[in-house]
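Numbering (the numbering used here), first residue to last: 1169 to 1488.
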Amino acid sequence: MVLVFARTYFILTIDMAASRDQHATKDLEVFRPLLETPIEQDIDPNALHIATNTLPFISIPGVFNFRDLGHHPRLKQGLLYRSGTLFTVEPAGINMLINDLNVRTVFDFRSSGERKAFAFPELENDKGSIAVHWEPSDTPAETNISDFVDLETESHLWHGGARGFSKMYLDTLEVHKASFRAVLQHVLLRPHEPIVFNCTAGKDRTGVMAALVLTLADVPDHEIAADYALSRIGIESRKEFLTGIIRMWKPDWTSETAGMRGFSNVRPEYMAQFLHDARIKYADIRGEGNWAAQYAHHDLGFELHDVDTIRANMQPSQVE
């Protein structure tokens, strides 16, 4: 399944990758074996270096899993960036964010506890500063490790990761309404000012926000799932750090805990299941179209004409 999603992604990005001022390669097949690597196995360092210096990845010193959502032709390049935590960003990384990417606002989806334990440095240099926008959200999305255990019936195999993450991500849409609204409000009112949105790994809360944006832009589900799967590559350099945070958060969870493998891996089918379930919850039941547009209207409180403006503001000047 990863191969199918990844192949679509390679075709879409091959020309864009060659056009950027990074170490770009047209041999984007390099992503394929990396996406297939189980989380418990290490990715070859040389292959990882090439991948994380190939768009949509952007190598920011001290930051991991940093990507430009504008790799897709339906989204404006250089407007919306997704990332893992910035708490280890180096001065050279701050300079890149401010001077090269022109970022002036970061939307931080982490909890107050995460922010206290892993505080960002001052994001400023002699050219400017970056404001960090945070909405209080101390209630985490519900996570039950039993939801990540594979279940097999006579007619179907329920993959635990897909089932568990879909449930968690639907809860994330409820828990982080204020944060997600703030991101879309920025796109509505300040569409020419690039932003970064991040959580700790840049995979789950950030992945849900990215899925919301990509769905608003009418990106097909399989391409959204392919984008999500790239976090398998993006988190590789910080696997031990992220595992340590899980141990702090859930000390009773170990590598032997049932469901832990599904919880730890990054697979496109996890996002695909969430998108399917989000459509049922936010669009199909209401008898209306794009689920993200309906969520933005009914659940985040945007007027329909504002939702249309948000969608237009994310588009490049010419959409093929």
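Glycine included, C-beta positions come from ideal geometry on N, C-alpha and C.
| Asked | Found |
| --- | --- |
| Kindly confirm or deny that the segment 1358 to 1366 and the segment 1270 to 1279 touch, where touching means at least three C-beta pairs closer than 8 Å. | yes |
| Residue 1335 to residue 1295, Cα distance in whole Å? | 43 Å |
| What is the residue span of the alpha helix (DSSP H) that residue 1355 lies within? | 1345 to 1357 |
| Given a threshold of 16 other Cβ atoms within 10 Å of its Cβ, counted over all protein chains shown, does residue 1472 qualify as buried or as exposed? | exposed |
| Per the DSSP calculation, residue 1291 is bridged to which residue(s)? | None, per the DSSP bridge assignment. |
| I need the boundaries of the beta strand (DSSP E) containing residue 1250, first residue and last residue. | 1248 to 1251 |
| What did DSSP end up calling residue 1238 once you bin it into helix, strand or coil? | helix |
| Identify whether residue 1279 lies in helix, strand or coil by the three-state DSSP scheme. | coil |
| On the DSSP letters alone, give me the boundaries of the alpha helix (DSSP H) that residue 1369 sits inside. | Counting along the chain, residue 1369 falls outside any alpha helix (DSSP H), and DSSP gives it neither H nor E. |
| Assuming contact is defined by CB atoms lying nearer than 8 Å, are residue 1384 and residue 1458 in contact in what I supplied? | yes |
| Are the Cβ atoms of residue 1401 and residue 1368 separated by less than 8 Å? | no |
| Along the alpha helix (DSSP H) that carries residue 1466, what are the first and last residues, could you check? | Looking at the DSSP string, residue 1466 is not in any alpha helix (DSSP H), and its letter there is neither H nor E. |
| So, residue 1226 versus residue 1232, is the Cβ gap smaller than 8 Å? | no |
| Here's a check: name, in chain order, each residue in its chain whose Cβ is nearer than 8 Å to the Cβ of residue 1399, leaving out the five neighbours to either side. | 1233, 1369, 1370, 1371, 1375 and 1434 |
| Given residue 1489, which residues of its chain have a CB within under 6 Å of its CB, disregarding the five upstream and five downstream residues? | Examination of residue 1489 is not possible in this model, given that the chain is present from 1169 through 1488 alone. |
| Within 10 angstroms of its Cβ, does residue 1280 collect 16 or more other Cβ (buried), or is it exposed? | exposed |
| Which same chain residues end up closer than 6 Å to residue 1481 when comparing Cβ atoms and leaving out the 5 residues on each side of it in sequence? | 1355 and 1359 |
| Compare the C-alpha of residue 1403 against each of 1262, 1387, 1258 and 1250 and name the closest. | 1250 |
| Could you give the distance in angstroms between the alpha-carbon of residue 1405 and the alpha-carbon of residue 1462? | 37 Å |
| Would DSSP call residue 1426 helix, strand or coil? | The predicted model places residue 1426 with a pLDDT of 45, which falls under 50 and marks its position as unreliable, so this point remains unresolved. |
| Can you tell me whether residue 1340 is helix, strand or coil according to DSSP? | helix |
| Let me know the secondary structure DSSP gives residue 1320 once reduced to three states. | Legend: pLDDT at residue 1320 = 46, less than 50; position of this residue unreliable, no value from coordinates given. |
| When the distance is taken between beta carbons, is residue 1345 closer than 8 Å to residue 1467? | yes |
| Going by DSSP in three states, residue 1402 sits in which element: helix, strand or coil? | helix |
| Buried or exposed for residue 1436, please, with buried defined as at least 16 other CB atoms from any protein chain shown within 10 angstroms of its CB. | buried |
| Which residues in the same chain as residue 1378 place their Cβ atom closer than 7 Å to its Cβ, once the five residues preceding and following it in sequence are excluded? | 1237, 1250 and 1395 |
| Exposed or buried, what is residue 1253 when buried is set at 16 or more other beta-carbons lying within 10 Å of its beta-carbon? | buried |
| Please classify residue 1287 as buried or exposed, where buried requires at least 16 other C-beta atoms within 10 Å of its C-beta. | exposed |
| Straight-line CA distance for residue 1212 to residue 1201? | 10 Å |
| Determine the extent of the alpha helix (DSSP H) in which residue 1475 is found, giving its start and end residues. | 1472 to 1482 |
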